[in-house]
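These protein sequence lines are chains X and L, in that order.
Position 34, counted from 1, in the first sequence is what this note's numbering calls 34; the numbers after and before it change by one each time, with no gaps.
Position 348, counted from 1, in the second sequence is what this note's numbering calls 348; the numbers after and before it change by one each time, with no gaps.
Where a beta carbon is used, it is the ideal one built from N, C-alpha and C, also for glycine.
Only one structure is covered here, and it is reproduced in the block below.
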Amino acid sequence: MAVLALLVLLSDLVIRRKETIGLFTMICVAIVTYSLAGSFGVTFKGMFIADGYSLFFKLIFLLNVVLTVLISVRYIEIEKVNLGEYYALLLFATLGMMVMASAGDLIVLYVGLELMALSTYILAGFMRHDLKSNEAAMKYFLLGAFASAFLLYGASMVYGLTGTTNLKGISSYIVQHGLTGNPALTLAMMLLAVAFLFKIAAVPFHMWAPDAYEGAPTSITAFMSVGPKAAGFAVLGRVFLTAFGSLRVEWSVVLIPIAILTMAVGNIVAISQTNIKRMLAYSSIAHVGYILLGIIAGTHDGLASVMNYLVIYAFMNIGAFAVIIMLRTEGFKGDNISDYEGLSKTHPLAAAMMLVFMFSLTGIPPTAGFMGKFYLFMSAINAGYTWVVIIAVLFSAISAYFYLRVVMFMYMREPKETVELAKSPALGLALGVTVTAVIFIGVLPSAFINFARVAIAGF
Amino acid sequence: MLNSTGFPILSTLIFLPVAGAALLLVMQRSRETLIKWIALAVSLLDFFISIPLFTGFDKTTHLMQFVERHAWIPAWNVNYALGLDGISILFVLLSTIVIVLSVLISWNSIKTKTKEFYIAVLLMEGAMIGVFCALDFFLFYIFWEAMLIPMYLLIGVWGGPNRVYAAVKFFLYTLVGSVLMLVGIIVLYFYSGKTFDIVKLSTMSYPYHMQFWLFWAFFAAFAVKVPMFPVHTWLPDAHTEAPTAGSVILAAVLIKMGAYGFLRFSLPILPDASRAMTPVMMTLSVIAIIYGGVICLAQTDMKRLIAYSSVSHMGFVTLGIFALNIQGMEGGILQMINHGVVTGALFLSVGVIYERTHTRQIADYGGVASVMPVFASIFIVFTLASIGFPSTNGFVGEFLIILGGFTANHWAGVFAATGVIIGAGYMLWLYQRVFFMETNEKVSGLADINGRELLTLVPMIILVFWIGVHPDTFLGFMHESVHHLLERVNTGGLAGAKVARNVVEIMK
């Protein structure tokens, strides 16, 4: 199985610890991707499901890890944390995510989640000499541990009520025994929701995100803002639509205010940020709010739109972080928004790419961000949540303000000091891929939408 | 599917400038002269390609012409569908002309980031033509929004001292309006059985309460763009701070899109709500006419004055459209073209003089007529056209609108006519303060208008008199389409129209 291949290769990695490990990681990923195509089916009595849905998410995770490795190569050299474990941990985290996406059982889900979480805790604190990085790891770890406890608590209550941890089993038990209105079940469901919402950094469980994003190495911030989030959505979709599908009314009542709050806090707080990593942290909170709309819709189209958006988000967000990483050179932090002043004059190409990513994050056509948002809004309206969408589009208009501020600094201010760029072929490749993807999906989104719909068909 | 010309003419019009922009993107930025010539060549070529539209248009039908249709996103039933009818064709021509002139007028005035400037202008052209050609609501929205990016940069990068504020204000105002329309579009899509086809959408009937909400959702987008009275405040800032080319594009084409949106979407798709909202829309239009005019009297900045005059003139346009009769609507459409020509020309003229003095304050001028006699005589043509002097284009448009407005509602006609008087007041006063009176020392010794500048203004003068003396060349395009549209609006859709026709036949 795909997972085994990854494990074997990982053990090699840890021993070798060389510069070429980055490349080696990519080869691992390629092998896994290749083997993914052939691995369909259900194993361990339904505990592990490899279907279209999980395949799609796995591809997102792999894309995420590849792009992260590409943008890391030069960066971790500059940050002087060029260690082999870095790549190994990235792969472990990805492995955890893949297990999560395939989990058909709460226990497997927990195992995957912990594997992912523990690896990312370490990665967040990877810059050992940097206080902020340590703080990020600490906060992320403490709050993450809480979330895990919530998950276990919820899972045990579900087990107590239904006598199984299998998601399909839970669902059929609820229906057969008419547990739909049971307060204990609702409570258990809420506990699980808290754990997942923590992972995706939805308000009010978002407190860790800005600090963790700011402190963590930028490449890891990029990684964290896409991977664990996508994994969180994968389990959220799977657990809530499979196990608690019959309780949709109950959980949508909870998720709607959370989605609105998430969009509100993310977008409004982002306006006042001066650190670009922090700003993108709040922006990623806001994007979680939009994506939740797809889950709330609770339809196949809704899930497909969530998946579609996550792919697009991976491209545009990692792209934006790649530009940020480029500005980080020895002796220059480059993570304040004011560092971007006049970038269009000194480095027009980098500025132009940042421009594309910023407009895409705002959701202005013809970029991918628009197509993603459009699909989400469309599925939510189709499910009858027009008023929520109206709130969402207004917040998305507000978000234009802070994304445009970056553009404004780059294009409408004069450069104060000459900013050097840390270029590398790998980084260039990552930027090329992301910027092409953002524009390509923006113009011809058909292939991606169809893929998401096909992936969801057997769900 | 291709059109009668056997050649995807509309796609070419849209994507030629985009390709031109891509070409400029890969060029070395130091070769400025070459960049300018390429931009000019691309815009000229686009203009020449658009001429067959003008000559090959069939004026006897309201159906869409030069149609192109390809599946684009089959999963959502989105098509790449383009076409023109009598309402949209003139705007395409206006866009292609205006871009050529914008490139010419910026020849020497844009000194920084020349390459990016022309890229933005060309991208702008593609998106603008796309807006007028789109027959698919989704496609329309893409172009509508995509336009914001180059315009935002045009204002924000090459604009005046307060440019950043103006650019952000412009962007946010339009974006908030547009996203509300987006929700409306999606609601409409599901209600109509999943189609974005504009022609199909405008033949269906929808319950009134839905029409009502959709009308206001569309209003949010279109009224901001026009701009109508309560949401017009972005316009003076954007116009004033934008570089000359930006102001010209804004005035001549961009703000027409709002009124075009009313004609293309609000009226035919939501006929019942449009009829019911007529009093509101007419009131807002009249307020815009009077209020815009009165504010002009108090302006000390030339560009700002012309910007506010746009508010007043666009009030005429919306008044004409919502008079819902043939004179009003044709007058409204013609007035949009007129306003594009005249206000575009006024901004070009201000650009000419600003390039020499670098001030827009009226108080810094005076006696320009004695220093620049040729320029002064050209400017008076546009001044008179803006006022609506007989034999200029402004007269025809305003006359038709007031006639239409009067037929629909006496008071609207009376107030609109008052607006014309105020218009004469502020424009002539502006002319007097700038060109006559004592020669201000700041303008003494200015060189008169040069060949390139003359070249940009002459086409506008020709258009002023052409429309003024023989408006039928232009009105002829729209007769059929306007008839068809009014039939749809006034009878509440196809079902209603059939009933009405039956009744008429029985009575015969």
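{"Check": "When the cut-off is 7 Å and only beta carbons count, does L175 (chain L) lie next to chain X?", "Outcome": "yes"}
{"Check": "If you measure between the beta carbons of E145 (chain L) and S178 (chain L), is that distance less than 7 Å?", "Outcome": "yes"}
{"Check": "Suppose you measure from the CA of D58 (chain L) to the CA of T112 (chain L); what does that come to, to the nearest Å?", "Outcome": "45 Å"}
{"Check": "Considering only the alpha carbon of each residue, which of X:M189, X:L63, X:L247 lies closest to V175 (chain X)?", "Outcome": "X:L247"}
{"Check": "For V249 (chain X), count the other beta carbons within 10 Å of its own beta carbon; 16 or more makes it buried, fewer makes it exposed. Which is it?", "Outcome": "exposed"}
{"Check": "According to DSSP, simplified to helix, strand and coil, what is E68 (chain L)?", "Outcome": "strand"}
{"Check": "Compile a chain-ordered list of the residues in the stretch 152 to 164 of chain L whose CB is closer than 8 Å to at least one CB of chain X.", "Outcome": "Y152, L153, G156, V157, R163, V164"}
{"Check": "Indicate the three-state DSSP secondary structure (helix, strand or coil) for A19 (chain L) in the structure shown.", "Outcome": "helix"}
{"Check": "So F395 (chain X) is in the alpha helix (DSSP H); what residue range does that whole segment cover?", "Outcome": "386 to 412"}
{"Check": "Quick one: any contact between the stretch 449 to 465 of chain L and the stretch 29 to 38 of chain L, if contact means 3 or more CB pairs under 8 Å?", "Outcome": "no"}
{"Check": "When the distance is taken between beta carbons, is K303 (chain L) closer than 7 Å to R360 (chain L)?", "Outcome": "yes"}
{"Check": "Quick one: is A93 (chain X) buried, meaning 16 or more other Cβ sit within 10 Å of its Cβ, or exposed?", "Outcome": "buried"}
{"Check": "At a Cβ threshold of 7 Å, is P366 (chain X) touching chain L?", "Outcome": "yes"}
{"Check": "Could you check if M1 (chain L) is buried or exposed, using at least 16 other CB atoms within 10 Å of its CB as the buried criterion?", "Outcome": "Here M1 (chain L) scores only 40 on pLDDT, less than 50, and its place in the model is too uncertain to base an answer on."}
{"Check": "Within its chain, find whatever has a CB closer than 6 Å to the CB of F150 (chain X); leave out the 5 residues flanking it on each side and keep chain order.", "Outcome": "L191, V194, A195"}
{"Check": "Chain L beta carbons: is any one of them nearer than 7 Å to that of M408 (chain X)?", "Outcome": "yes"}
{"Check": "Is the distance from the Cβ of G159 (chain L) to the Cβ of P243 (chain L) below 7 Å?", "Outcome": "yes"}
{"Check": "Would you kindly work out how many angstroms separate the C-alpha atoms of G445 (chain L) and W107 (chain L), rounded to a whole number?", "Outcome": "22 Å"}
{"Check": "Reducing DSSP to helix, strand and coil, say where D85 (chain L) ends up.", "Outcome": "coil"}
{"Check": "Spell out a yes or no on whether the stretch 137 to 155 of chain L and the stretch 72 to 89 of chain L are touching, meaning 3 or more CB-CB pairs, one atom from each, closer than 8 Å.", "Outcome": "yes"}
{"Check": "If you drop the 5 nearest sequence neighbours on each side, which residues of the same chain put their C-beta closer than 7 Å to that of A509 (chain L)?", "Outcome": "No statement about residue 509 (chain L) is possible, as the shown extent of chain L runs from 1 to 508 and does not include it."}
{"Check": "So, helix, strand or coil for Q299 (chain L), using DSSP?", "Outcome": "coil"}
{"Check": "Check for me: the beta strand (DSSP E) holding I364 (chain X) runs from which residue to which?", "Outcome": "Run containing I364 (chain X): none; DSSP gives neither H nor E here."}
{"Check": "Which of the residues in the stretch 423 to 448 of chain X, read from start to end, lie with their CB under 7 Å from any CB of chain L?", "Outcome": "P445, S446"}
{"Check": "Could you list which residues in chain X have their beta carbon closer than 9 Å to that of F190 (chain L), in chain order?", "Outcome": "M378, I381, N382"}
{"Check": "Going by DSSP in three states, L2 (chain L) sits in which element: helix, strand or coil?", "Outcome": "For L2 (chain L), the predicted structure reports a pLDDT of 43, less than 50, and the residue's modelled location is therefore unreliable. The matter cannot be settled from this model."}
{"Check": "Helix, strand or coil for Y80 (chain L) per DSSP?", "Outcome": "strand"}
{"Check": "Please confirm whether M412 (chain X) has its beta-carbon closer than 7 Å to some beta-carbon of chain L.", "Outcome": "yes"}
{"Check": "Would you kindly check if the distance between the Cβ of S252 (chain X) and the Cβ of D301 (chain X) is under 7 Å?", "Outcome": "no"}
{"Check": "What residues in the stretch 216 to 233 of chain L bring their beta carbon closer than 8 Å to a beta carbon of chain X?", "Outcome": "none"}
{"Check": "List, in order along the chain, the chain L residues whose C-beta lies closer than 8 Å to that of F359 (chain X)?", "Outcome": "I149"}
{"Check": "Taking the alpha helix (DSSP H) that F48 (chain X) falls in, what are its first and last residues?", "Outcome": "Note, F48 (chain X): premise wrong, no alpha helix (DSSP H); beta strand (DSSP E) at 48 to 50."}
{"Check": "CA-CA distance, A417 (chain L) and M282 (chain L)?", "Outcome": "14 Å"}
{"Check": "Pull up the DSSP beta-bridge partners for I73 (chain L), would you.", "Outcome": "L:V78"}
{"Check": "Does chain L have any CB closer than 7 Å to the CB of V288 (chain X)?", "Outcome": "no"}
{"Check": "Would you tell me roughly how many angstroms separate the C-alpha atoms of E189 (chain L) and T174 (chain L), rounded to the nearest one?", "Outcome": "As written in the sequence, residue 189 (chain L) is Tyr, which differs from the Glu given in the question. Roughly 22 Å between the two C-alpha positions."}
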